[in-house]
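Encoded as structure tokens, the structure appears first; notes follow it.
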Amino acid sequence: MKSPIYLHPLFYELSIRLLYRRYYRERLEAVAKEIEEGASVTDVCAGDCALYRYLLRKKNVTYLACDINETFIRWAERRKISARRLDARKDAIPSADYIVMMGSLCQFIPNERELVERMLGAAKKKVIITEPVRNWAQSRFAILRGIARLLTAVGTESFEGRFDEHSLRASLLPLGFQDFTFLAGKREILAVYTMEQRRSPIEPDNEKDGSFASVM
Numbered sequence: 024m025k026s027p028i029y030l031h032p033l034f035y036e037l038s039i040r041l042l043y044r045r046y047y048r049e050r051l052e053a054v055a056k057e058i059e060e061g062a063s064v065t066d067v068c069a070g071d072c073a074l075y076r077y078l079l080r081k082k083n084v085t086y087l088a089c090d091i092n093e094t095f096i097r098w099a100e101r102r103k104i105s106a107r108r109l110d111a112r113k114d115a116i117p118s119a120d121y122i123v124m125m126g127s128l129c130q131f132i133p134n135e136r137e138l139v140e141r142m143l144g145a146a147k148k149k150v151i152i153t154e155p156v157r158n159w160a161q162s163r164f165a166i167l168r169g170i171a172r173l174l175t176a177v178g179t180e181s182f183e184g185r186f187d188e189h190s191l192r193a194s195l196l197p198l199g200f201q202d203f204t205f206l207a208g209k210r211e212i213l214a215v216y217t218m219e220q221r222r223s224p225i226e227p228d229n230e231k232d233g234s235f236a237s238v239m
């Protein structure tokens with residue numbers, strides 16, 4: 024059963040606004056701040072293209088929305104937003120200065136590293152990922168876990184895997200990510216890989232503590 028939030032971009036935006044409330048704009052602004060004027064951007068699992076509609080359009084970027092949901096793609100195209108249907112599990116990621124994914128990495132567990140590696144291969148300047156680390160799906164209450172599965176049902180699939188702070192770090196640190204920032208009252212993490220500052224990957228077990236390199 025497909026989640027109601029994926030039936031139309033307006034339902035999707037309303038759900039995200041209700042989920043993040045006063046932090047809704049903060050998340051978008053944090054990502055947009057990482058992207059320079061006039062750059063090219065590929066937004067993987069773009070959803071309702073809120074990042075572009077509210078912020079990146081003003082920065083005159085060349086933007087491509089990629090999503091598996093054909094309804095979302097047609098909706099974007101009607102609004103003169105460049106869009107392409109893309110199954111991020113297997114399709115090539117279109118190259119751009121900046122590759123972005125907001126709140127969708129958990130849908131690719133346990134193969135998230137393979138996807139992120141392809142994003143790194145497609146990026147010329149940065150890969151920017153935001154991902155919740157406190158979720159209803161991790162609740163001790165079965166009813167909340169059930170609601171979370173419904174809200175994340177894409178097509179006939181639902182995704183029960185979720186990241187917490189430790190597991191997200193464990194996935195991204197070995198790939199070279201070292202810039203992490205808390206967002207949304209520490210419910211979400213912004214992770215950024217900058218190509219011009221390539222650094223050796225760090226294994227989580229080698230770290231002395233669990234603190235982030237950068238915490239808001």
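In my numbering, each number is its position in the sequence shown, counted from 1, plus 23.
C-beta atoms are modelled at their ideal positions from N, C-alpha and C, and glycine is treated no differently.
- In the DSSP assignment, Pro155 falls within the beta strand (DSSP E) that extends over Ala146 to Pro155.
- Segment contact: the segment 129 to 149 against the segment 84 to 100, fewer than three CB-CB distances shorter than 8 Å; contact not assigned.
- With contacts defined by Cβ atoms closer than 9 Å, Pro32 and Cys72 form a contacting pair.
- For Met218 and Ala146, the gap between their C-alpha atoms comes out near 8 Å.
- By the Cβ test, the segment 137 to 157 is not in contact with the segment 100 to 108, since fewer than three Cβ pairs between them sit closer than 8 Å.
- Around the Cβ of Asp110, a 10 Å sphere holds fewer than 16 other Cβ atoms; the residue is exposed.
- Residue pairing of Thr217 in beta bridges, as defined by DSSP: Lys149.
- For Val123, the closest C-alpha among the options Arg48, Val54 and Leu198 is that of Val54.
- Annotation: Ala106 is outside any alpha helix (DSSP H); the continuous beta strand (DSSP E) that includes it extends over Ala106 to Arg108.
- In the structure shown, the three-state DSSP call for Ser63 is strand.
- Secondary-structure assignment with DSSP links Glu140 through no beta bridge to anything.
- Cβ contact annotation for Arg40 (same chain, cutoff 7 Å, sequence separation greater than five): Tyr47, in chain order.
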